[in-house]
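Protein chains in written order, with my numbering: chain A, 1 to 416; chain B, 1001 to 1423. Glycine included, C-beta positions come from ideal geometry on N, C-alpha and C. In this text, all values refer to a predicted model and were calculated from it rather than measured experimentally.
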Amino acid sequence: MSHIQFEKRNLKNGLTVIHHLDTNTPFVVVNALYKVGAKHEQSTKTGFAHLFEHLMFEGTPDVPYFDGPLQESGGENNAFTNNDYTNYYDIVPDINAEIPFWLEADRMTQLNINAQSLKLQKKVVIEEFKENYINPPYGDIQHILRSMLYQKHPYQWPTIGKDIQHIQKATLDDVKRFYQQYYAPNNCILVIGGNLQQDTAFEWAEKWFGQIPPTMIPEHHLPIEAVQTETRTFTHYADVPQSMIIIAFLMPGRLEDGYFEADLVTDILSSGQSSRFYQKLVKERKLFSEIEAYISGSIDTGMFVVEGRLHDNVDIHEAEDAIWHEIFKLQEEGIAEMEIEKVKNQMVTYMKFSDVSLLNKTINLAYYELLGNINLINEEEQEYEKINAESTQSFCNEFLNKHQSNTLYYLSSSCK
Amino acid sequence: MQIKHTPPIIKALNAPVFKLPESYILSNDIQVWGFHDDSQEITRIEIVLDSGKWEESVPEMSHGVAKLFKSGTNSLSAFQMSASIDHLGSTIKAYAGYHGFTIVLYTLRKNILPSLELLNDCLQDNIFPESEFENYIRNTLSKLLIQEEKTEFLAEKTFRNALFGPVHPYGYSPDKQWIDRLTLQEIKDYFLNQVQNKKPTIYISGSYDNNEIQILEQIFGQKEYSDSSSARQHIVKSSSQQIFEVYKSGSVQSSLIVGKRSINKTHPDFARLSLTNVIFGGYFGSRLMLNIREEKGYTYGIYSALQTYRHDANIFIQTETSNEYIRPCIEEIKIEINKLQQELISDSELSQAKNYLLGKYLSRMDGAFSQMETFKNYQIEGLNILSFNNFAKTIQAVTKQDIIEMAQKYLGFEDMYQVTAGS
């Protein structure tokens, strides 16, 4: 089995620095993960962590245009925000490896925050909201689903935010406070991967970040989502060509027992053409044109989702019963070892191909460190290996029950 | 607080030089190309036929064949076939490009032999059951309904149709009329002539040594092929109408595409034009992005691209924007074109774009899988990989005057097609 080697150190100001050497590539990746995501937002000001991510590219007194020096270096960069954290990465040819250290340290300390850039990025984010969540068919499913499943936990809104209004309302003071509170070395995990020797990497980390003072990071005591005890259903009409049915359940968080079982059960149901949903519901019974099961993969209590798009003239309750039939089979008959072995084998190949990418490895190191156990990056394959018929069956019995289900009937307005 | 260090000096990139793959010839003259990477015990093997959409007699045939590649053989049903592949943890997929029909295998190295046996069973003995064909048609039509709800899809479809004509392989997009008309016999014919009996080229990357080459020999090295080079012609029929407005009710944003036919990689101007495209709309720091997103905030993203094919090319600008910003966007695009055609760009902007593009070239040869992807795509496009090196060198030598010349020659707005899809 492959093993990702790394070295970890903490600077005095609380910055975690991780180095991974890969001499097979002429590139170096510098990845800065900030431990703040959409779950840290107030319910009246959602979408803010992501809006702020946009502002991180608006320059500083010394570097008015963040992308400039990176592009001049032959590199590129991007960022993403999710419910749990915000992640920035820079990829440069190794001859210019020091550039991203300078740039990331610079925007951690003296970001240019002004009314004009805020106004501008609000507009851009509103266009992004429309492009991804309003204009495309079925674009609002995540919004509806999250508000059904989560009664208390801030996972009840997606990263883009609950509502365009929230983005419009963001003020300059909000931005300044957010930057002071969360964008500090003691809230950041810095990972350096690629063709750069360890000593140089740590030396440069100390040189550029060592003097940045830590701040008081606000403590968050996020509510724990209580176990659901009643069936929830919701019917939504939209101008879409075909109806969908979505059945979702709360499931264990990233570090809790049952997480890996959930992941493999979704593969049993819908990964590849030999999967159960594809064989039974798409090909044999011709109920769905597409159906998949997936997990949200979040750190706190997650979502286990079954999402199917119906062929015309299929009765939605027949389709619903057919999904439940497959779930009951998992609970009553369990899964044969042979079938479990199949999805494990698929998982191993997937993980190995994914580890070829330097960027993936670097981002993953930051993510596992955020989880609190960076060694998991090399241990997860064994975790999947441990899964057996018994543990998957008990997962299905504990979590995939009707009285804990959330069913969204997403109906084409033509059937109204 | 400010950090008191002098910023590091940015070093200019050298033009990267492409490393050639290893070459093996099987006993029946099949060419195998290989790039090694033993850091993981994984291997990718691609079987590429010189066919793709270009060799279709009716649109969508090759797509159908690709989707039905694992639809069952005399020994294994479709389900048994996928279950066997999935059980090895392998993935086999077929897809049809414009000029290449590719069957790709992703596998653990230890499972290469059984995986290739399954792949070859599909390749030599596919029986295309009627029920699988019906399933394919039903699900493809259903997916198409969703695509047609997307303004981006509608805009691109209209644009390609206008540029190359509605039945040209570069011009058509998935459409109900083609899919409805497709017959099982057409699928079988295409498979027989363009996939099964055409001599492939094989590309292997990742972990392998002579044992794996022996496996390729054992599985693919025996069959005899007759010469089957193609002389199929397709005539481009560009539309005389230049402006298209596709109505899509209820959309809060519209998709905009503006563009025209252009030059491909065989043209001496290619490298200079591709750098000009980078400056114009090809990266985050481009004129279009800085103006229309970062200054005006009209859109989440706007970009331009020079897309090349073996026999043609097109250059276009694309964005999604609120309906009220469509007109202003078009005006700004025109302004940016004019500027590029008339004003010399600064040294720093030129060097930034050059380094960015050279960095892209470097990333196309980063690791065995990327190297192979680049090498294979050059071959499918009918090019020698050495032109990769020439492009990189040419990019380094581009002058400010070149940018003006390229913009004047290839970015004129007057003969661009203009498509909006939305409400």
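Check whether the Cβ atoms of residue i and residue j lie closer than 7 Å to each other.
i         : j         : result
B:Leu1256 : B:Thr1394 : no
A:Val282  : A:Ser412  : no
A:Ala248  : A:Val305  : yes
B:Gly1034 : B:Ile1204 : yes
B:Ile1345 : B:Lys1400 : yes
A:Gly74   : B:Asn1355 : yes
A:Lys123  : B:Gly1281 : no
A:His311  : A:Ser296  : no
A:Gly161  : A:Gly47   : yes
I need the boundaries of the alpha helix (DSSP H) containing residue i, first residue and last residue.
i         : result
B:Leu1275 : 1270–1277
A:Trp204  : 198–209
A:Tyr427  : A query on residue 427 of chain A cannot be resolved here, the shown segment of chain A reaching from 1 to 416 and no further.
B:Arg1364 : Neither: B:Arg1364 is in no alpha helix (DSSP H) and is coded neither H nor E.
A:Ser394  : 389–399
B:Tyr1393 : Sequence check: residue 1393 of chain B is Lys here, not Tyr. Counting along the chain, the alpha helix (DSSP H) containing B:Lys1393 begins and ends at 1386–1397.
A:Trp324  : 316–333
A:Gly68   : 67–72
A:Gln5    : Where A:Gln5 is concerned, there is no enclosing alpha helix (DSSP H), given that its DSSP letter is neither H nor E.
B:Glu1046 : First-last for B:Glu1046: 1042–1049, but that is the beta strand (DSSP E), not the alpha helix (DSSP H).
B:Arg1293 : B:Arg1293 -> no alpha helix (DSSP H), and no H or E assigned at all.
B:Gln1307 : Taken as a continuous stretch (DSSP letters only), B:Gln1307 belongs to no alpha helix (DSSP H), being part of the beta strand (DSSP E) at 1299–1308.
Report the residue from the options whose alpha carbon sits nearest the alpha carbon of residue i.
i         : options                                    : result
A:Gly37   : A:Ala105, A:Leu222, A:Trp208, A:Gly14      : A:Leu222
A:Asn406  : A:Met148, A:Tyr65, A:Leu281                : A:Met148
A:Phe80   : A:Leu55, A:Tyr65, A:Leu330                 : A:Leu55
A:His236  : A:Ile144, A:Pro252, A:Phe353               : A:Ile144
B:Ile1315 : B:Gln1341, B:Glu1343, B:Phe1270, B:Gly1301 : B:Phe1270
B:Gly1367 : A:Tyr367, A:Leu370, A:Leu359, A:Glu369     : A:Leu359
B:Tyr1283 : B:Asp1347, B:His1267, B:Ala1353, B:Val1048 : B:Ala1353
B:Thr1073 : B:Gln1031, B:Gln1124, B:Val1048, B:Thr1107 : B:Gln1124
B:Ala1096 : B:Glu1332, B:Tyr1170, B:Ser1238, B:Leu1076 : B:Tyr1170
B:Glu1217 : B:Ala1078, B:Ala1012, B:Glu1117, B:Glu1405 : B:Glu1117
Please list, in chain order, the chain B residues whose beta carbon lies closer than 7 Å to that of residue i.
i        : result
A:Gly272 : Ser1082, Asp1086
How long is the line joining the alpha carbons of residue i and residue j, rounded to whole angstroms?
i         : j         : result
A:Met1    : A:Asn77   : With a pLDDT of 45 at A:Met1, under the threshold of 50, the predicted position of this residue should be treated as unreliable, and no value is reported.
B:Gln1040 : B:Asn1111 : 14 Å
A:Phe260  : A:Glu383  : 7 Å
B:Tyr1172 : A:Gln181  : 53 Å
B:Gly1206 : A:Ser275  : 28 Å
B:Val1017 : A:Tyr368  : 36 Å
B:Phe1391 : B:Ser1274 : 9 Å
B:Ser1370 : A:His325  : 44 Å
B:Ile1010 : A:Ala319  : 60 Å
A:Ile167  : B:Ser1423 : 25 Å
B:Asp1453 : A:Lys342  : A question about residue 1453 of chain B goes unanswered here, because the residues of chain B that appear run from 1001 up to 1423.
B:Phe1244 : B:Gln1418 : 6 Å
A:Asp67   : A:Glu58   : 9 Å
B:Arg1293 : B:Ile1302 : 7 Å
A:Ser113  : A:Phe52   : In the sequence on display, residue 113 of chain A carries Ile and not Ser. Straight-line Cα distance between these residues: approximately 10 Å.
B:Ala1015 : B:Asn1389 : 7 Å
B:Val1065 : B:Lys1223 : 21 Å
B:Arg1287 : B:Asp1121 : 52 Å
Could you tell me whether the Cβ of residue i comes closer than 7 Å to any Cβ of chain C?
i         : result
B:Leu1108 : The question asks about chain C, but that chain is absent: this structure's protein chains are A and B.
Which bits of chain A does residue i rub up against, with CB to CB less than 8 Å?
i         : result
B:Gly1165 : Under the 8 Å cutoff, chain A gives no residues; its nearest Cβ is about 28 Å from B:Gly1165.
B:Glu1245 : Those within 8 Å of B:Glu1245 in chain A number zero; the least Cβ separation is about 17 Å.
B:Thr1276 : Result: empty, since nearest Cβ-Cβ is about 16 Å, beyond 8 Å.
B:Gly1100 : Chain A residues near B:Gly1100: none, gap ~21 Å exceeds 8 Å.
Along chain B, which residues have their Cβ under 8 Å away from the Cβ of residue i?
i        : result
A:Pro137 : Ile1146, Glu1149, Lys1150
A:Phe27  : Leu1362, Ser1363, Asp1366
List the residues of chain A that residue i touches, going by C-beta distances under 7 Å, in chain order.
i         : result
B:Gly1297 : Leu120, Lys123, Val124
B:Pro1008 : Glu98, Ile99, Trp102
Taking the beta strand (DSSP E) that residue i falls in, what are its first and last residues?
i         : result
B:Lys1339 : No beta strand (DSSP E) holds B:Lys1339; the alpha helix (DSSP H) holding it covers 1326–1342.
A:Asp444  : In the structure displayed, chain A extends from 1 to 416; residue 444 of chain A sits before or after that span and is not available.
B:Gly1422 : 1417–1422
B:Lys1011 : Segment: none, B:Lys1011 is in no beta strand (DSSP E) and carries neither H nor E.
Residue i touches chain B at which residues, Cβ-Cβ below 9 Å?
i        : result
A:Thr349 : Ile1042, Leu1088, Gly1089, Ser1090, Thr1091, Tyr1106, Thr1107, Leu1108, Asn1111
A:Asp173 : Near A:Asp173 there are no residues of chain B at all, since even the closest Cβ is about 20 Å away, more than 9 Å.
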